[in-house]
Structures are given as structure tokens and as C-alpha cells.
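K.L.:
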Amino acid sequence: MLWACILLPQLALDGVMRRRAEPDRALALISGTAQRRVLQTVNAAGRELGLRPGQSLTAAHAMTRDFDTVEYDPKQTEHWHRLLAAWAYRFSSQVSLKYPRVLLMEVESSFGLFGPWPVFEARLRQELSAMGFSHRIVVAPNPLAARMLANAYDGVAVTCNDSLLQSLEQMPVNRLGLSQEVSTAFARMGLQRLRQVLALPRDTLARRFPAQVLQHLDTLLGRRSMALKCYVPPDHFEARIELNFDVESHQALLFPLKRMIADLALFLGGRDSGVQRFVIHLEHVPSVGSTAPDTLIPVGLLSAEREAHMLFELARGRLEQVLVPSPVRALKLQAKDLPAFVPSHRELFDERPQQSMPWEQLRERLRARLGDEAVSGLSFCADHRPECAWQPTTLGKAATDLSPTPRPGWLLREPEPLADPGLRVLAGPERIESGWWDGGDVRRDYYLIETRNGQRGWAYRSVGDDSGLLLHGWFA
77 MLWACILLPQ LALDGVMRRR AEPDRALALI SGTAQRRVLQ TVNAAGRELG
127 LRPGQSLTAA HAMTRDFDTV EYDPKQTEHW HRLLAAWAYR FSSQVSLKYP
177 RVLLMEVESS FGLFGPWPVF EARLRQELSA MGFSHRIVVA PNPLAARMLA
227 NAYDGVAVTC NDSLLQSLEQ MPVNRLGLSQ EVSTAFARMG LQRLRQVLAL
277 PRDTLARRFP AQVLQHLDTL LGRRSMALKC YVPPDHFEAR IELNFDVESH
327 QALLFPLKRM IADLALFLGG RDSGVQRFVI HLEHVPSVGS TAPDTLIPVG
377 LLSAEREAHM LFELARGRLE QVLVPSPVRA LKLQAKDLPA FVPSHRELFD
427 ERPQQSMPWE QLRERLRARL GDEAVSGLSF CADHRPECAW QPTTLGKAAT
477 DLSPTPRPGW LLREPEPLAD PGLRVLAGPE RIESGWWDGG DVRRDYYLIE
527 TRNGQRGWAY RSVGDDSGLL LHGWFA
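The opening residue of the sequence shown carries number 77 in my numbering; numbering runs sequentially from there.
#1: Contact criterion: CB-CB distance below 7 Å. Does residue 312 meet it with respect to chain D?
#2: Please classify residue 117 as buried or exposed, where buried requires at least 16 other C-beta atoms within 10 Å of its C-beta.
#3: Just grab the DSSP bridge partners of residue 522 for me.
#4: Could you check if residue 152 is buried or exposed, using at least 16 other CB atoms within 10 Å of its CB as the buried criterion?
#5: Quick one: grab the DSSP three-state call for residue 211.
#6: Would you check if the stretch 451–458 and the stretch 391–405 touch, i.e. whether three or more CB-CB distances between them fall below 8 Å?
#7: From residue 506 to residue 538, what does the alpha carbon distance come to, in whole angstroms?
#8: Can you tell me where the beta strand (DSSP E) with residue 391 in it begins and where it stops?
#9: Would you call the CB atoms of residue 352 and residue 328 closer than 7 Å?
#10: With a threshold of 8 Å, are at least 3 pairs of Cβ atoms found where one atom belongs to the stretch 170–184 and the other to the stretch 103–119?
#11: Rounded to whole angstroms, what's the CA-CA distance from residue 256 to residue 225? Just pull it up for me.
#12: Would you tell me roughly how many angstroms separate the C-alpha atoms of residue 78 and residue 232, rounded to the nearest one?
#13: Return the CA-CA distance between residue 168 and residue 532, expressed in angstroms with no decimal places.
#14: Pick out the complete beta strand (DSSP E) segments inside the stretch 135–189, 3 residues or longer, and give them in chain order.
#15: What is the C-beta distance between residue 295 and residue 241, in whole angstroms, given that I count them as a contact (C-beta under 8 Å)?
#16: Short check: CB of residue 358 to CB of residue 371, under 7 Å?
#17: What do you get for residue 349, buried or exposed, if any count of 16 or more other CB atoms within 10 angstroms of its CB means buried?
#18: If you run the structure through DSSP and keep just helix, strand and coil, what is residue 79?
#19: Grab the span of the alpha helix (DSSP H) containing residue 235 for me, first residue to last.
#20: Suppose you measure from the CA of residue 85 to the CA of residue 210; what does that come to, to the nearest Å?
#21: Taking DSSP as the reference, what is the three-state secondary structure of residue 315?
#22: Can you give the beta carbon distance from residue 268 to residue 289, rounded, assuming they're within the 8 Å contact cut?
#23: Rounded to whole angstroms, what's the CA-CA distance from residue 83 to residue 96? Just pull it up for me.
#24: Return the chain-ordered list of same chain residues with a C-beta closer than 6 Å to the C-beta of residue 552, the five sequence neighbours on each side being excluded.
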């Protein structure tokens, strides 16, 4: 087995940066007590201004005030960690969150699907960079070795135990995951590299150090197996973004909404499912003496989807129909209806014009923009009268044509007299007698006709009436 370690050195900062509309602006995450606020981490633009992690907020403001601050939130960092685990679950069924800011994943079993490791690694790096997360990636025969090698290397791929021993022997002792007390003791003995530690007699190490030290070294070298708890994707998705200012327009909500939808699509891809219903919560600024209830915007689909652009367009259409009653302080998205995703059937050579879209996407976009009641399907009824032969129905239900002969796609609301001198009768008559049970009795002879311009229509005259034909519908 081969294990990949994906180290995310600035996970908290990257998670905040990817949700900001101005990623190039200086930013610092702050923590600490109210009396002493400290810069937890700083982005590249902040470092250019002279800001450094560990610096007090007062000292930073003495240098410059041209930077933004965000409270460091460990819960949000955990949220990003699990979101990336859901992403990694697309590539491997064995993903572990044992270490903070680290993804461990077994990759050898996935080579047949994603290609050899260089190709596989390039894809992982490309997707992580596209999502906005900095990273280091290392591969080793066991997960602990991969984790420790990631402390000092990036891009190293060790595929056998002999090569693993050579790589680990050069590692500093204080980068091997040993406790601070043990690392200090080795340093006082003049042992700086693992090679020097392994050269000591094993019984000497056993007498001078706790049993956990030898167990750790054996696990590191692959002589002892390591138990890992694997990640299992949850059955629901929830994300929340607290805005930096009070928002009163739909337009300002679109950027954070798009980010949350992208995270939802990422989560769905990891668990190989789609979403059929999700709810957007607009959390409002509380008024004096009371808390304003959230505005709920449900987004329902007729079939499961997971394409980010489509889901965003549907959510955007629903959002634009809502009148925001008061300023919005935060945005939350909840998705609990996550059925299995079945990709739509596609032809090998798509003959649709480039600017067109599949019917399923067009249908959902119309429902989002016009409302659920404005878009419906048609179903046929057991009635031969054309004006009674169909009725509106819920989209998604299959309709069965009860007539063995073609019927026009466009039926006129009221029949119109035909006065075309070049009219030709192509077929007919077809007699329809029906409706005696509800007082709408009709007796008609229908004809398939063609006008002088080549248009085909459906016309009739009542039985016993020698007057001209009445046009009832047009064929496409």
C-alpha cells in the first residue's frame, strides 16, 4: 500500500481568503484575550506590510492600519478540514483526519482509475490550487512515514521500504513526531538525525526511554502497523458565512452564495450523490430588544443535480424573487435531501449548439426564475375531444399519447375560419364524436390540410354543416 499525506500549512487562512471578494488585500487572523489580541497568521499581502504571526494587534496597528482582521475560529478550520476530506473521498475510500491540517489517503488502489502517481499527483495539486488551498504532498509506504516526511519535503514519492529507510535516516530527530522531552534528550546526547538514533542498541533505547518511543520508530519504519479511523461522509451538508458588513441588496449576497454552492458541489462529488432540495438562510441584523427571524429560501429540483454552475443559477433565481426585509448579517446553506446521483444520458457527439443547454437545466432555470407554478408539463386524458385531451401536470411525469394518429403541437384557443384559395386536403376525414356525458357533445370531421405556403394544419367541419372548414391547430 502507498499512502499520500497532503499537508495544509495555512488551512485556516486559506479558508477565509477563498470567501473574500478582495483576496489581494492584506489580512490577518487574530486570537487571544480581549486585553491582548495577537496575530495568529498573516497572508502574503500582510507580510509585505511588515506584519508577522505572533505580533500583537496594537503593535501591528502602530505600523499600519491598511489591513483587515478576522477572528480565528477553530470550528471553521475543522469545517474546512472535513470539506477537503469529502473532496479526497472522491479519490480514495481510505481517508483519515488523524492529524490536524493533514489529509492521509491510501492511493495505490486508485492508480487504475486515476493513472500512475505523477498523473494522479498533478490532478490533486491542480484541484487544491483551484480551490485556493496551499499544500505539500508526499507519498510513502505507510501513513506515519508520509506524515513525517511532509514536515521536511514536498513532492517526494517513496515507494518501497528500502528507499523509505534511506529518506528517513536523513530526517532531523525533532521532525519525527516524538515528544518535546524525547527530542530534547536525544539532542543532549548529540543525536541530531534518525540515522544516529537507529545506530544505538535497541535494548539501550528501551531502558532509557518510554516504550512509546520504540513503538513510534517501528511504526515509522513500517515494522508495526498503524490503526487509522477512516473518514465517512455525513448524510447532510451545512455551511455558514458571516459577512463583514450588513448587506441590503441581492447583488452583494451572490459572491458568498456562489462560494457555498461550490463547496456543496465539492461535497456532493466526494460522496457521489446529488442534491434535490436545499435551503438558504438569510440571518438578519437583530432589532432592538428582539431577534429577527431568518428568511428561508427553499430551492427544490425535480431530479438530483450536483453541477455547481447550475445549482448557483437556480439559487440565484430564487434569491432574486425574495424581498429582503432587513439587512443580512450572515448566510447559511443546509442540504439534507441528498439522493444518489445518476448522470443524464449524453450522446457521444453532442449535436446541440454551443450556446444551448440540456432540457433538464433549462427546465430548472425556468422554474427558479418564473416560479414552480408557472412551469408545468402536459398529460393526455381519456377524451377524444382535442380541447379536452390534455391537461397541465407536474413536471417529470411521463405522458402517454392515447391517439394513434398525429395531433398538432399548437392547438388554437378558438377555431378560426379558413379562407385560403390554395388549400389542399391531404388526409381525412377522421370523425370524432364525444362528450355526450358532460353536455359538451361534439360531432366533427377532421382533415389534415396544407396551405398555399406549405403550412400543415388540422381543420374540421361539424357533421351536417356544409360551410367552410374551421382551423383547430397547426403542426410543427
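All C-beta atoms in this analysis are idealised placements derived from N, C-alpha and C, irrespective of residue type, glycine included.
P.N.:
So, to answer that:
#1: In the structure shown, chain D does not exist; there is a single protein chain.
#2: buried
#3: 506, 536
#4: Buried: at least 16 other Cβ atoms inside 10 Å.
#5: coil
#6: no
#7: Computed Cα separation, rounded: 12 Å.
#8: That residue, residue 391, is in no beta strand (DSSP E); its alpha helix (DSSP H) goes 384–396.
#9: no
#10: no
#11: Answer to the nearest angstrom: the Cα atoms are 18 Å apart.
#12: 13 Å
#13: 59 Å
#14: 144–147, 178–182
#15: With 8 Å as the limit, residue 295 and residue 241 do not qualify as a contact, their Cβ atoms being about 14 Å apart.
#16: yes
#17: buried
#18: strand
#19: No alpha helix (DSSP H) holds residue 235; DSSP gives it neither H nor E.
#20: 7 Å
#21: strand
#22: Not quite, the Cβ-Cβ distance comes to about 16 Å (not below 8 Å), so this is no contact.
#23: 23 Å
#24: 485
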